[in-house]
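Below is one structure, written out as structure tokens; comments come after it.
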Amino acid sequence: MDREPETDPIIDLIPAMVWSATSDGMLDFANQHFLEFIGAPLEAISGVGFYKLFHPDDTSHLASEWHDIMASKNAREVVGRLRRADGQYRWCTLRQKPRLDAEGNVVRWYGVVLDIEDRKQVENALKETKTALAASEENLSLIINSLPVLVWSARPDGSADFVNKSWLDYAGRPADQILEWGFLDLYHPDDIPGMVDTWKKDLEHSDHTVLKGRIRGADGNYRWFYFSGRKLVDANGIVRWFGVNIDIEDLQYAENALRESEAALRESEHKLNLIINTIPAMAWSCTSDGRLEYFNRNLIDYVGLPVEEIVGFGFYRMFHPDDVEPMRVAWDDIVASKKSRPVDARIRRADGEYRWFNLRQSPLLDSDGNVVRWYGVVVDIQDRKRAEESLRQSQSNLAHVTRMTATGELAVSIAHEVNQPLMAIVTNAGTCLRWLQPGHTDIEQARLAAERIVKDGHRAGDIIASIRAMAQKSPARMERTDLKGALRDVLDLLRGELRHRQIELDLDLPKWSPEVIGNRTQLQQVVLNLVMNSAEAMGASSSERRIGIRCTKDEEQFVRVSVSDSGRGVPPDELDRVFEAFYSTKADGIGMGLSICRSIVEAHGGRIWASVADSQAGTVFTFTLPMAEVTADYDR
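Just so you know, we're using UniProt numbering here: the sequence shown kicks off at 1 and counts up by one.
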């Protein structure tokens, strides 16, 4: 029995962390279970090294406790957090006992360390539960006493055992005068017999009760109350009744007033219905989610469809098949955004004819900004649509005239451009004939001359085709267009004119071919107008005469085309006005060229603007167009 613990192999088999220390508190032994728990050898924790095993927040407290224990020689349990081999701190209890000699001096300290992490978690959870329960009870009491109704509870015999603060405040009496059967003193004498009889029957035969009666308040006045109670049985089988008394005095008064006003309301609704059905417009209303719920007689007579077919979302069948999906998208967006905006669509008349209508709507909002109902009218705009179409046709004619005017002004240059390939054809034809004459025959040279004739013939044909496309008046057709090729074609027509004006042309076109969805002729007209404007702006200039044309792609998948010049430039305060119709900075201009350019670019989903050149001399006109892939995605 005198063996030291570290020499006894049984110590290592004990399922607990066993340790020993010298009389002055220096750790000199820890069993295998202890070492495996901390994941360190004895040498790392011997002496006072064991302090580093504890949580930093616990070290000071544990050291103080240990010194007190050693000084008093009285063992006691100490709790702290010990770091496990995986680095996790776990709550442990440290128990120790001194081995004393005959004189009562400490020879050695022996102890165990027990993991109590799970117990600690349970204790913490229990504390949190008790705290939450106390808070819950306090909140429940606060809620019950704050409710604007008279809350009560009763025993199985019907006597009251609880009333909330609202009950006490209303009655103006202390609780002991209301509890038990004291509440009967507050009921109207005429109501007591019937109420008590009903209350006793429900106590015996039912699990709920519903009553109505008058209770006298602190001011001596009786008010009508609605009584509602329910029987509850707890887990121990104890029966109690819980209920509320709700003040319905104002409700009773309101019910009487409501009955009196309902007749007047019905009369008012009848008159309103007559007004709505006789106004010369098609009126309607929808629910907050966009379902048609009401329409006046004018609308139902116009479309000639059964009422049950157009209510809800059935109203879409009134529209032209091509307008149904756009109308659905527009209406869903209006309902989702809660913002009204006019929408144009074609509606079928009872005789089968489609006419253009403008649908206007306005939301009725509640105090929180939520839509309660949508109201709207449908207005016939067929004549306006015809006028707009006539205006578009006039604009198209004006654009054609502008294009023809520009083509006429370039007639001499165009003739020169066409004449070049024609003269080359004549020259190459003569050369071909010479190489075919007897004595001078050279088939290879004749074939090369013939190939040049074909090439020059195609060149002349391309020039004529470009002129014809620019000059012809035909409906605009939107299709996939090679913008780079369109630029080159129009610039080929302008080269002669620019040489005649002694203007140098700088081209910066991409190696790839940007494609857009648009009308090739209209886009060429934009470039033609911009280049000719730049050329005319340098007419009286004695400085460097140069026009730069650049085509790039920006980060938003748009093609950007810019035309810059070194001319007199547009005054900065007029840059925003040059695109207005009939506004011109030229003395002999009519102010339609740039306006037409803007209309064409915006119709293609793009944007056009003017800015001052970086060199502060001249103007830069820039327009952007969405690339074909972007346009296709938008269309889908």
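We put the beta carbon where it would ideally sit given N, CA and C, even for glycine.
Cβ-Cβ separation, residue j to residue i (assumed contact under 8 Å), whole Å
i: D58; j: R81; result: 5 Å
i: A21; j: W109; result: 4 Å
i: V516; j: T481; result: 6 Å
i: N164; j: L147; result: 7 Å
i: L509; j: K484; result: 6 Å
i: A283; j: V377; result: 5 Å
i: E491; j: F621; result: Looking at the sequence shown, residue 491 is not Glu but Leu. No, L491 and F621 are not in contact; Cβ-Cβ is about 15 Å, not under 8 Å.
i: R83; j: I38; result: 7 Å
i: R76; j: E117; result: About 21 Å; that fails the 8 Å criterion.
i: G606; j: T619; result: That belief does not hold up - the Cβ atoms of G606 and T619 are roughly 19 Å apart, past 8 Å.
Pairwise C-alpha distance: residue j and residue i
i: E574; j: M478; result: 32 Å
i: D289; j: D323; result: 21 Å
i: V113; j: V107; result: 20 Å
i: L410; j: S534; result: Note that L410 scores a pLDDT of 49, beneath 50, so its modelled location is shaky; the value from the coordinates is reported in the next line. Their Cα atoms are separated by approximately 15 Å.
i: A235; j: H208; result: 19 Å
i: H320; j: R501; result: 55 Å
i: P193; j: L251; result: 24 Å
i: R348; j: Q522; result: 35 Å
i: K52; j: A135; result: 40 Å
i: H55; j: E138; result: 37 Å
i: D635; j: A450; result: Residue placement at D635 cannot be trusted, given a pLDDT of 45 that sits under 50; what the coordinates show is reported in the next sentence. Each residue's Cα considered, the two are about 49 Å apart.
i: P15; j: D24; result: 27 Å
i: Q361; j: W331; result: 10 Å
i: R434; j: K455; result: 20 Å
i: F50; j: L27; result: 7 Å
i: D185; j: G217; result: 11 Å
i: G352; j: C286; result: 25 Å
i: L35; j: L42; result: 7 Å
i: V18; j: K97; result: 12 Å
i: R546; j: S562; result: 14 Å
i: P572; j: E555; result: 27 Å
i: F558; j: I608; result: 12 Å
i: K130; j: G369; result: 43 Å
i: R373; j: P363; result: 6 Å
i: V329; j: I300; result: 24 Å
i: I600; j: V371; result: 39 Å
i: V233; j: S159; result: 17 Å
i: G237; j: K231; result: 12 Å
i: E103; j: E128; result: 49 Å
i: M532; j: A613; result: 17 Å
i: A63; j: I69; result: 10 Å
i: E325; j: N296; result: 25 Å
i: I10; j: S46; result: 21 Å
i: R386; j: E262; result: 49 Å
When the options are compared against residue i, the one with the closest alpha-carbon
i: S72; options: G229, P438, L100; result: L100
i: G229; options: N221, Y222, R240; result: R240
i: L594; options: E580, S513, R84, H604; result: E580
i: W167; options: N145, Y187, W181, E180; result: N145
i: R488; options: A537, R550, E544; result: R550
i: Y294; options: S599, Y375, I425; result: Y375
i: N245; options: G237, K200, F183, S285; result: F183
i: E497; options: R520, L507, Q524, L528; result: L528
i: D565; options: G243, L150, E536, S159; result: E536
i: K212; options: I178, I248, I69; result: I248
i: N221; options: G237, P514, G87, Y187; result: Y187
i: L292; options: K200, R520, E262, V335; result: V335
i: P189; options: R214, M532, G439, E629; result: R214
i: N105; options: I596, N74, L94, V379; result: N74
i: G87; options: R346, A63, A40; result: A40
Per-residue burial, residue i [other beta carbons within 10 Å of its own, 16 or more giving buried]
i: I310; result: buried
i: D202; result: buried
i: V412; result: Its pLDDT being 46, under 50, V412 is placed unreliably by the model, and the measurement read from it follows with that caveat. So V412 counts as exposed.
i: L365; result: exposed
i: D85; result: A small correction: the amino acid at residue 85 is Ala; Asp does not occupy that position in the sequence shown. Exposed, by the Cβ-count rule.
i: A254; result: exposed
i: A350; result: exposed
i: R259; result: exposed
i: W181; result: exposed
i: R384; result: exposed
i: Q524; result: buried
Any chain D beta carbon closer than 9 Å to residue i
i: A429; result: Of the protein chains in the structure, only one exists, and it is not chain D.
Heavy atom of the ligand ADP within 8 Å of residue i beta-carbon
i: D250; result: The ligand ADP is not part of this structure, which contains no ligands at all.
Do the segment 335–343 and the segment 300–317 meet, that is, are 3 or more Cβ pairs less than 8 Å apart?
-> no
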